[in-house]
Each structure stands twice: as structure tokens, then as C-alpha cells.
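Residue numbers (the working numbering), protein chains in the order written: chain Z, 14 to 209; chain X, 2 to 199. Virtual Cβ for every residue (Gly too), placed ideally from N, Cα, C. Some notes on the structure that comes next.
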Amino acid sequence: MKRRWIVAAVLLVLGMPVFAFGISDVYQKNIYDVGHLKPVDSVLKVKVGDPAPDFTLPAVAGGTVTLSAYRGKKNVVLSFVPAAWTPVCSDQWPGYNLARKIFENRNAVLLGISVDNIPTLFAWTGQMGDLWFPVLSDFWPHGAVAKRYGVLRSNGVAERAIIVIDRNGIIRYIDVHDINERPPLESIVKALDGLR
Amino acid sequence: MRRPWWKWKAVFLSVAVLLLSVPAHGTAGFPYVPGDSLEDLSLPVPADGAYRAYLGLSGSGNFTPADVSAPVLLIQIFSMYCPHCQRDAGNVNVFYDLVEKDPALRKQIRILGIGAGNSPYEVGVFRESYGVPFPLFGDGDYRIHKKLGEVRTPFYIALKKDGKGVPRIVFARVGGIEKAEDFLAFLIRETGLEGKKP
């Protein structure tokens, strides 16, 4: 009888990993909870109809990307996100990874922009799978591009903003979204459809 | 002084009850425990007739897990924006196929997905990207996700109807299905379903 209970105890301990075999989400516990933030904390410096300010930024994949290189060729969607390793941002670009055809069918490229530095963005986006679009670092001079567009918040991170630029380099859509929420994909699609 | 073996038995039983009452790893925040009914979960009856037939529903309006015809319902909480959900989508489809190809199991198990924070459009992109064959529902305002304790995704809840037809939670877990055969065997074991093991 005594041995039977010892065996049961051992089996229970061995069985615990099976009982608790749930596999955590890819980010595990590495997401920093920023809490609820002021929805918008900047003043736009551009408006629909303006020529999009040009920029050149380093890409996580290497090299640089210059906005004006797409002029006359592609529509461009700028996706500013506030910061790596934060809740909403971490669940935004991975969805755009599924939407590649949606962008391509509308002759558009997507440029992801964050004020984080390249190593941070490398580690963070590596959790998202192979992103098809360039991820650009607006780290130095810190947030200069975000500031030029008027989407740099007072604490030095960017807004969660979507800016659609047509192939002529003209801004056609701006959504400085509530930083606490993810812009719905269909709003981007609708803006791109409006360029046709 | 040595403690008699029957006292160790009492200690063991106490520890076992304690361990088994703790939710599985990663279910932190999930406000339900096995045996709860989840009866307040309400979803719209699908407009697609094939999905209505799959779930055993008719008419319009909303339905609850109790309205689903099969005795076991697996609810997947996912997001189009979740990399883990994307990687696991193919495994979930394999799981669905395993169930549907088994004459006994296909009468007993249904699966549906709820896209946390996903609009119907975004759910549609996920469905199309991975060819998801079972019904998916949007939860754009996170209403359901909040009710479920804002669990990480993917998250699975297995319900089984009791003798009175009330669906009761059998288990809940965070993480992907990974290997469909193993997950199905686990589901069969935990729900006590009779059927051919894969």
C-alpha cells in the first residue's frame, strides 16, 4: 500500500509538465505593459494634399530606404508604431504580414517605422516571422522623421499613425490613431482603394 | 519520530488537489475553471449556411455553446495579428481534418474560432490566408476577449455537454495545437469521448 502511494506521488510530479503543456505566445513575458496612454500626444505638421516630406532611414534588413525612391512607381503606406516590445505594437505588423497581397494588388509598399534602434528592432521583429516589408529605424537623430511629420509624442516615441502617400508623393490619408488601439486593416485598404 | 504512512497519504492528497486545482500554465487571467458553463458566451449565428449546418444551428440572431449540436465544442481564441496563431493555423486545419475524417468523432466535435480584436474583414483575411475550413467570428471590440480574461493567443477552451446538455469547461490552455494528432488524443482523453484515436 505504501509503495503504491509513493509511485502515485512520482507519477503526479512527472505528469505535471503534461498537465501544464500549454505553450505560451511567441513574446512570452517579454512585453512591457505601458498601461493606458493619452490617445494622441502630438500635433500633426502635415495634412492631406501636402507633398510627403522625404526621408532616408536605415532598415533592419540592412541598407537604407528613401521615400522618394518610390515616387512615380508605388503608393506608400507609412506605419509609425510607438515602441518595440509593447502590447499593441507587437500585434500590429504581424497582421500586415498576412496582407501582402492586399498591398501589392493596390500597387503599394508598406514601410514600418519606429524610433527604436536597429538591434532592438531586429530582436523584436524576429519574433514576428519574416516580415515582407522594410522596418525602418528612426532612432537617430532621435525621432527626426516622426517629428517632421508631427507624430512624435512628448515622451520621445512615435504615435500609432498610418499615412498613405500616392505614387506622386502626395499625402492622401492620415490616421493618427489612438495609441492604445490598433487601426483596423480595412481602413488602410479603403484609403488605398481611394487612390485608384 | 517518523510520521506514519497514512499521514503521508493525507499530505500527498492535499498536494495533489492543490496542484490539480491550479489552472494550467499560461491561463492566468482566465476567470473560469473546469466545470464552469461559459453560458454567457454569445456569438452571431453565421450567415453562411455551411457554417450553420456544421454547428447545427438554424435561424438568425445569436447562439451560445449550448446551441451547438455536438457534445464537444473546441473554441479557439486567435488573432490575425498574432504570429503564434499564424504559425499554428495549419496545425489547426490538420486537427479539423482528423476529426472530420473520423466517422465517430465528426459527430461529436465541433471547432470554432474567435478573433480577439479582429474585425470581420480581418477575420476574413486570416481565413483566406490559411484556408480555415471551420467558422471564425470577429471580436473587434474585444468584448469576448475581455470576458475571457484577456488571455494570450492562441488559446483553447474545450467544452463538453453534461447530462443536462449544459456545456462545461473541460480544459483551457494557452499555446498552439502544435501536433494535431497529439492534441486530438488529449482532447479525446480529457473529454472522455469514445472514438478512434489518431
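Residue environment, residue i, which counts as buried when at least 16 other CB atoms sit within 10 Å
i, result
"VAL34(X)", "exposed"
"ALA159(Z)", "buried"
"GLY76(Z)", "exposed"
"SER167(Z)", "exposed"
"ALA71(X)", "buried"
"LYS162(X)", "buried"
"TRP153(Z)", "exposed"
"GLY27(X)", "A caution first: GLY27(X) carries a pLDDT of 48, below 50, which makes its placement in the model too unreliable to give a value."
"GLU194(Z)", "exposed"
"VAL164(Z)", "buried"
"GLY62(Z)", "exposed"
"GLY35(Z)", "Interpretation of GLY35(Z) is limited by its pLDDT of 23, a score under 50 that renders its predicted location unreliable; the figure taken from the coordinates is listed afterwards. With 16 or more other Cβ atoms within 10 Å, it is buried."
"GLU172(Z)", "buried"
"SER59(X)", "exposed"
"PRO107(Z)", "buried"
"ASN88(Z)", "buried"
"ASN110(Z)", "buried"
"GLY193(X)", "exposed"
Contact set between residue i and chain Z, taken where Cβ atoms lie within less than 7 Å
i, result
"GLN77(X)", "Near GLN77(X) there are no residues of chain Z at all, since even the closest Cβ is about 13 Å away, more than 7 Å."
Neighbourhood of residue i by C-beta, 6 Å cutoff - its chain only, sequence neighbours within 5 removed
i, result
"GLU101(X)", "ARG107"
"VAL23(X)", "Below a pLDDT of 50, predicted positions are generally treated as unreliable, and VAL23(X), at 38, falls in that range; the measurement from the model is reported next regardless. Excluding positions up to five away in sequence, the list is empty."
"ALA65(Z)", "ILE178, GLY182 and ILE184"
"HIS146(X)", "ALA117 and ASP140"
"SER61(X)", "VAL46"
"PRO196(Z)", "ILE175, ASP188 and HIS190"
Nonlocal neighbours in the same chain, by C-beta distance under 7 Å from residue i, ignoring five residues either side
i, result
"VAL202(Z)", "ILE115"
"ARG113(Z)", "TRP145"
"ASP46(Z)", "PRO100"
"ILE44(Z)", "TRP98, THR99, PRO100 and SER103"
"TYR143(X)", "ALA117 and GLY118"
"ALA48(X)", "none"
Element boundaries [alpha helix (DSSP H), containing residue i]
i, result
"SER103(Z)", "100-103"
"LEU42(X)", "Where LEU42(X) is concerned, there is no enclosing alpha helix (DSSP H), given that its DSSP letter is neither H nor E."
"ALA136(Z)", "131-138"
"ASP188(Z)", "Premise fails: ASP188(Z) lies in the beta strand (DSSP E), 184-190, not in any alpha helix (DSSP H)."
"ARG144(X)", "144-148"
"THR192(X)", "181-192"
"ILE44(Z)", "Premise fails: ILE44(Z) is in no alpha helix (DSSP H) and is neither H nor E."
Listed by chain order, chain X residues near residue i by CB distance under 8 Å
i, result
"GLY142(Z)", "PRO84, GLN87 and ARG88"
"GLU199(Z)", "SER120, TYR122 and GLU123"
"LEU111(Z)", "MET81, GLN87, VAL126, PHE127 and SER130"
"ARG195(Z)", "TYR82 and GLY118"
"PRO147(Z)", "Residues of chain X passing the Cβ test: none, with the nearest at roughly 18 Å."
"PRO107(Z)", "TYR82, CYS83, PRO84 and GLN87"
Residues near residue i in its chain [Cβ-Cβ closer than 8 Å; skip 5 each side]
i, result
"ALA74(Z)", "PRO147 and VAL148"
"LYS86(Z)", "ARG180"
"THR69(Z)", "THR77, VAL78, THR79 and LEU80"
"ASP37(X)", "ARG169 and ILE170"
"SER120(X)", "GLY139 and GLY141"
"GLU179(X)", "ASP89 and ASN92"
For residue i, the first and last residue of its enclosing beta strand (DSSP E)
i, result
"ALA174(Z)", "173-178"
"ALA117(X)", "110-117"
"LYS162(X)", "156-162"
"GLY139(X)", "137-140"
"THR77(Z)", "77-79"
"ASN88(Z)", "88-93"
"SER130(X)", "First-last for SER130(X): 121-131, but that is the alpha helix (DSSP H), not the beta strand (DSSP E)."
"GLY125(Z)", "121-127"
"PRO154(Z)", "Unbroken run through PRO154(Z): none, as it is neither H nor E."
"PRO71(Z)", "69-71"
Chain X contact residues for residue i, given Cβ-Cβ distances below 7 Å
i, result
"ASP104(Z)", "SER80, TYR82 and CYS83"
Check: residue i C-beta below 7 Å from any heavy atom of the ligand MG
i, result
"VAL177(Z)", "Although the ligand MG was asked about, the structure shown includes no ligands whatsoever."
Neighbour flag for residue i against chain C, beta carbons, 8 Å
i, result
"LEU124(Z)", "The structure shown contains no chain C; its protein chains are Z and X."
- Item | Interfacial residues, the segment 165-183 of chain Z to chain X, with Cβ spacing under 8 Å | none
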